[in-house]
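Here's the structure we're looking at; comments come further down.
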Amino acid sequence: MPEGHTIHRLAARHRELFAGQPVRASSPQGRFASGAASIDGRVLRDTEAFGKHLFHHYEGDRILHVHLGLYGKFADGQLPAPAPVGQLRMVLTGSDHWLELRGPTACEVLDPAAADLLRARLGADPLRDDAEPATAYARIRSSTKPLFALLLDQSVVAGCGLIYANEVLFRAGLAPETPGIAIDPARWTAIWDDLRALMKEGVLHGRIDTVHTRHTPEAMRRAPRVDRHGGEVYVYRRPGQPCLVCGTSITMGAMAGRNLYRCPSCQPSQPVTWSRKRSG
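Each position in the sequence shown, counted from 1, maps to that position plus 84 in our numbering.
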């Protein structure tokens, strides 16, 4: 599933191609026919990304909401648009470009109230300037769930996916099972700032790179990573390979129904103690 940086890149791309002009909308597949009709011919005012959710804001308070999920994919190009092939959920055309959407989990038109309700269910998005990391921390600090699971919970941190969750915990030297309640404010600020910086780099370059300069292929004189996700990482999808920092073999497990990667030496499990304040 695309992580938050990809959705922010898509929002910027769609804004560049279509904002400020009327857009024709259709649904060759038919599953989005009524939604397409409701925005057809309307001017696209702006686009917005919030976590893994993409919004197109059209005149008349019509808001197109798309969640790509596991299989959704956009494609675009210059007009003329190609003939529809396969299961196309939506096609948009502007004055110079076309846009195709296939296989999304959600593709719907919302009114502002419904869009606000959706946003209210999401946590803080590190890529948004209006994000409130303190809100995310309040949920983390009150939870005994593993921090790995909390980072993947979109109601806590919106847009953080599997790669970023694995990598930011390695960079913090934290065992993934560390409970949220054990994270103090300074540690959370460091994690948030690092996550925000990594995701901003992802928006800029279109790939996830998480290694420090001293651990790049050039600096270490090693072969670049070969993986369909691209990018240089410390632990993600590197089980059995040596840690780039200490040489220990990376391990793989499961947590919260997701693949978990870690370096046992750089992220050692440690006894954790905490206390809750009793009311009354």
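No residue lacks a Cβ here, since even glycine has one placed at the ideal position from N, Cα and C.
So, with DSSP's three-state summary, where would you put His98?
helix
Which value, in whole angstroms, describes the spacing of the CA atoms of Gly243 and Asn250?
14 Å
Let me make sure I understand the geometry here. Which of Gly290, Gly314 and Ser239 has the alpha-carbon closest to that of Val134?
Rather than Val, the amino acid found at residue 134 in this sequence is Phe. Per the Cα distances, Ser239.
For Ile265, the nearest candidate out of Leu258, Asp278, Arg306 and Arg223 (CA to CA):
Arg223
Output the boundary residues of the alpha helix (DSSP H) element that contains Ile372.
Residue coverage of the chain in this structure runs from 85 to 364, which leaves residue 372 outside it and unanswerable.
Using a Cβ-Cβ distance cut-off of 9 Å, determine whether Gly144 contacts chain D.
Protein chain content of the structure displayed is limited to a single chain, and chain D is not contained in it.
Kindly give me the distance between the Cβ atoms of Ile91 and His141, rounded to whole angstroms, as I take these residues to be in contact under 8 Å.
At roughly 15 Å, the Cβ-Cβ gap does not stay under 8 Å, so Ile91 and His141 are not in contact.
Figure out for me which residue from Ala256, Glu100 and Pro260 has the closest Cα to the Cα of Trp276.
Ala256
Contact set for Met174: own chain, Cβ-Cβ below 7 Å, skip 5 residues either direction
Ala109, Ser111, Phe116, Ala120, Leu185 and Cys191
Quick check: what's the CA-CA separation for Ala340 versus Ala199?
28 Å
Around the Cβ of His181, are there at least 16 other Cβ atoms within 10 angstroms (buried) or fewer (exposed)?
buried
Would you grab the beta carbon distance between Val149 and Phe139 for me? Rounded to a whole angstrom, and I think it's under 8 Å.
First, the residue type needs correcting, since residue 149 is His and not Val in the sequence shown. Rounded, the Cβ-Cβ distance is 6 Å, consistent with contact.
Which of helix, strand or coil does DSSP assign to Ser110?
strand
Check whether Val295 and Val317 have beta carbons under 9 Å apart
yes
Cβ-based burial, Gln351 [other Cβ within 10 Å; buried from 16]:
buried
Give the DSSP-derived three-state secondary structure of Phe366 in the structure shown.
Residue coverage of the chain in this structure runs from 85 to 364, which leaves residue 366 outside it and unanswerable.
To the nearest angstrom, how far is the alpha carbon of Pro323 from that of Ala103?
44 Å
Have a look at Ile334 and Pro348 and give me their C-alpha separation to the nearest angstrom.
7 Å
Mind reading off the beta-carbon distance from Gly178 to Leu101? Whole number of angstroms is fine, and I expect it under 8 Å.
6 Å
Selected residue, minimal CA-CA separation from Leu231, among Gln113, Met283 and Ile267:
Ile267
Report the three-state DSSP secondary structure of Ser333 (helix, strand or coil).
strand
Rounded to the nearest angstrom, what separates Leu236 and Leu128 at their Cα positions?
32 Å
In this structure, how does DSSP classify Ile247 when only helix, strand and coil are distinguished?
helix
Per-residue burial, His98 [other beta carbons within 10 Å of its own, 16 or more giving buried]:
buried
Backbone CA spacing between Ser122 and Arg146 [nearest angstrom]:
8 Å
Quick check: the Cα distance between Asn343 and Pro260, rounded to an integer number of angstroms?
11 Å
Please determine whether the Cβ atom of Cys327 lies at a distance below 8 Å from any heavy atom of the ligand HEM.
Among the components of this structure there are no ligands whatsoever, and the ligand HEM is therefore not found.
Quick check: the Cα distance between Gly314 and Ile292, rounded to an integer number of angstroms?
7 Å
To the nearest angstrom, report how far apart Pro106 and Gln162 are at their CA atoms.
16 Å
Using a 10 Å radius around the Cβ and a threshold of 16 neighbouring Cβ atoms, would you call Ala338 buried or exposed?
exposed
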